[in-house]
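K.L.:
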Amino acid sequence: MLLNHIGAGFYWIDPPRPDPKRQTRILSSSLNRRRASPPFPARHAAFHGVRMEKKGDKRRSICTADELHRVAVSNSDWKLALWRYRPSPEAPSRNHPLLLLSGVATNAIGYDLSPESSFARYMSAQGFDTWILEVRGAGLSTLGDSLEEDEECLKNFSKIDSVINDDIGESSASSATAVGLENLGASFVSEVPHMKRRGSEVVTKYKEMRLTTRFMEVLTRISERLAGFLNGDLLEGQNSAIAGQIKDFNRRLRGMIEGQRLFPAQILELQDRLSATLEEFQKQLELMVKYDWDFDHYLEEDLPAAMEYIRAQCQPRDGKLLAIGHSMGGILLYAKLSSCCFDGKDSGLASVVTLASSLDYTPSRSSLKLLLPLAEPTRALNIPVIPVGPLMATVHPLASYPPYVFSWLNSQISAQDMMDQNLFEKLVLNNFDTVPSKLLLQLSSVFQKGGLRDRSGTFFYKDHLHKSNVPVLAIAGDRDLICPPEAVYETVKLIPEELVTYKVFGEPGGPHYAHYDLVGGRLAADQLYPCITEFLIHHDIV
4 MLLNHIGAGF YWIDPPRPDP KRQTRILSSS LNRRRASPPF PARHAAFHGV
54 RMEKKGDKRR SICTADELHR VAVSNSDWKL ALWRYRPSPE APSRNHPLLL
104 LSGVATNAIG YDLSPESSFA RYMSAQGFDT WILEVRGAGL STLGDSLEED
154 EECLKNFSKI DSVINDDIGE SSASSATAVG LENLGASFVS EVPHMKRRGS
204 EVVTKYKEMR LTTRFMEVLT RISERLAGFL NGDLLEGQNS AIAGQIKDFN
254 RRLRGMIEGQ RLFPAQILEL QDRLSATLEE FQKQLELMVK YDWDFDHYLE
304 EDLPAAMEYI RAQCQPRDGK LLAIGHSMGG ILLYAKLSSC CFDGKDSGLA
354 SVVTLASSLD YTPSRSSLKL LLPLAEPTRA LNIPVIPVGP LMATVHPLAS
404 YPPYVFSWLN SQISAQDMMD QNLFEKLVLN NFDTVPSKLL LQLSSVFQKG
454 GLRDRSGTFF YKDHLHKSNV PVLAIAGDRD LICPPEAVYE TVKLIPEELV
504 TYKVFGEPGG PHYAHYDLVG GRLAADQLYP CITEFLIHHD IV
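If you're matching positions, the sequence shown starts at 4 in the numbering used here and goes up one per residue.
(1) Just the C-alpha distance for PHE538 and LEU476, rounded to the nearest angstrom, thanks.
(2) Helix, strand or coil for GLU314? Go by DSSP, reduced to three states.
(3) Considering only C-alpha positions, which residue in the set HIS469, PRO514, GLN445 is nearest to GLU500?
(4) Among LYS339, SER370, LYS348, whose alpha-carbon lies nearest the alpha-carbon of VAL356?
(5) Taking Cβ positions, are PHE345 and HIS467 nearer each other than 8 Å?
(6) Using the Cα positions of HIS542 and PRO92, report the straight-line distance between them to the nearest angstrom.
(7) Leaving out the 5 sequence neighbours to the left and right, which residues in its chain are closer than 8 Å to LEU446 when beta-carbon positions are compared?
(8) DSSP three-state label for LEU101, please.
(9) For a test of the three-state rule: what should DSSP assign to ASP321, helix, strand or coil?
(10) Is the separation between the beta-carbon of ALA94 and that of GLN129 shorter than 8 Å?
(11) Bridge partners of HIS329, per DSSP?
(12) Ignore the nearest five residues each way along the sequence and tell me which others in LEU273's own chain have a CB closer than 6 Å to its CB.
(13) Spell out the partners DSSP gives LEU136 in its beta bridges.
(14) Counting along the chain, where does the alpha helix (DSSP H) carrying HIS399 start and finish?
(15) Assign ALA527 to buried or exposed, taking buried as 16 or more other Cβ atoms, counted over all protein chains shown, within 10 Å of its Cβ.
(16) One question on the structure: do GLN309 and LEU484 come within less than 8 Å of each other, judged by their Cβ atoms?
(17) How is ASP466 classed by DSSP in three states: helix, strand or coil?
(18) If you follow the alpha helix (DSSP H) that PRO533 is part of, which residue opens it and which one closes it?
(19) Is LYS506 helix, strand or coil when you go by DSSP?
(20) Within a Cβ cutoff of 8 Å, which residues of the same chain sit near LYS506, ignoring the five residues on either side of it in sequence?
(21) With contact counted as at least three CB pairs below 8 Å, one residue from each stretch, are the stretch 420-440 and the stretch 385-396 in contact?
(22) From ILE313 to ALA359, what distance separates their C-alpha atoms?
(23) Please name the residue, chosen from LYS293, CYS343, SER96, that lies closest to VAL545 on a Cα-to-Cα basis.
(24) Taking the alpha carbon of TYR618 as the reference point, which residue from PRO400, PRO439, GLY453 has its own alpha carbon closest?
(25) Look at ASP305 and VAL449 and say whether their C-beta atoms are less than 8 Å apart.
(26) Can you list, in chain order, the residues of its chain whose CB lies under 7 Å from that of ASP529, leaving out five sequence neighbours each side?
(27) With 16 other CB atoms within 10 Å as the buried threshold, where does GLU510 fall?
(28) Please say whether SER354 and PRO487 have beta carbons closer to each other than 8 Å?
(29) With 16 as the cutoff for other CB atoms within 10 Å, does TRP563 come out buried or exposed?
(30) Can you tell me whether LEU325 is buried or exposed? The criterion is at least 16 other CB atoms within 10 Å of its CB, across all chains shown.
(31) Check ILE112 in the structure and name its three-state DSSP category.
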């Protein structure tokens, strides 16, 4: 069957080798050799091409998997990132690929912090073809042609530099105009003849024209975004006076661009400050348009696209996947099971493992309840995004160094002495992203009677979980302040008893497991991973 609505590209990566002087419990030399070999050929029409990562490519240094795949989402410009870890050739062959789902506002890094602390590498070493999904807005997932736009902008600046250099080196500007300035605007072309004179006057004129071109590019992008903003009915229900002001501003902006006006000398003197302000305004408009999704987009679009792509690549005989979800990743899996039961469809999942996840937090004392008073102001002020990553990076020094003003935040992530300090810092500084407010507002329904509901507020995901026929292993951490054991159990008790296994990790005298310790705690590979592996292998049957 051709998957016409999925487009994909994939990157072959030779990830950095662990230091040979350090002990590595998970990886073997044979697995290292496997990663250095060429990738398996694509076997499906949905696969459109293979492209090597270039040395020095920023994405190469970020992605530590064996392969990086791109999956296009139907009716969307998003391209999701899938990190793939090939199974060890020495491990037993498995029947199903394994999909890993991360928590809210997090990316794939949390599953692969280092060769010595890698949930993903552990699972691939057990023979599972392991994939980590980065949903829209997370990690290396991209929207449309944003990367291509950046490259085009750099090309334009290169043309400007080329023209100026040619003019300084020769006595005529005619050769400069022949380089190809048709896309740089009439204002720039009209100024080229003035560059016949050398010296400081040429340099000054060059700076003015380069700044003008930069302004024009930024203003054009802002105007295009405003046009999309106005035409997309995004102002529906908003104050009509505000809408009128935006429309008037956009008309003036378009007139400036079409007239190709040069900026007055007084404005040019502001230089970078004015450019930075305009670009910041552009970014705010980008946020309003780009960060426009909720939990149901993950459930109805991102997750199905990823599952279908993985099935096409791995071709399990029964068409099913194994899946593990941490925090929101586990909530996604529960919601998937429930919605499929409601629709009378097969979930496509052979078995499910959830880590610190629940559809209903009401009986718990979750620390997230402290944030609920912010929900209404966020909704009333129409705040588009919550920059979780930047906030975490900002607060981290205050939590980890004297005078430890926010030290209490550390226990939200990891229990005392459960993570190496360097890995903890890497997690906090690199694992979190910016997310839309509407996503968090929908997820906040887990604290309301009936638990998590869809965007309409009428469908409760927990109501149909009792009809599921998929085996579930639900794991909780004894010191998890975000999703305490009582919250996890609130969902567990809805699943048929013969299909669910519930475990709480942590001992009264220690060690203890907080929210992230279930994925990357220092003892997880010895105590928790084997439990998960045993469960998956038991249900890895066709």
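Heads up, the beta-carbon is just placed ideally off N, CA and C, and yes, glycines get one too.
P.N.:
With the given structure in hand:
(1) 7 Å
(2) In the sequence on display, residue 314 carries Arg and not Glu. It is helical.
(3) HIS469
(4) LYS339
(5) yes
(6) 21 Å
(7) VAL107, PHE298, MET331, ILE334, LEU455
(8) strand
(9) coil
(10) yes
(11) LEU358
(12) Because LEU273 carries a pLDDT of 45, less than 50, the predicted location of this residue cannot be relied on, and the following value inherits that uncertainty. Answer for LEU273: no residue qualifies.
(13) LEU85, LEU104
(14) 391-403
(15) buried
(16) First, the residue type needs correcting, since residue 309 is Ala and not Gln in the sequence shown. Against a cut-off of 8 Å, the Cβ pair of LEU484 and ALA309 comes out as no contact.
(17) helix
(18) 532-541
(19) strand
(20) LEU476, ALA477, ILE478, ALA479, CYS534
(21) yes
(22) 25 Å
(23) SER96
(24) In this structure the chain extends from 4 to 545, so residue 618 is not present and cannot be described.
(25) no
(26) none
(27) exposed
(28) no
(29) In the structure as shown, the chain begins at 4 and stops at 545. Residue 563 is therefore absent and cannot be evaluated.
(30) buried
(31) helix
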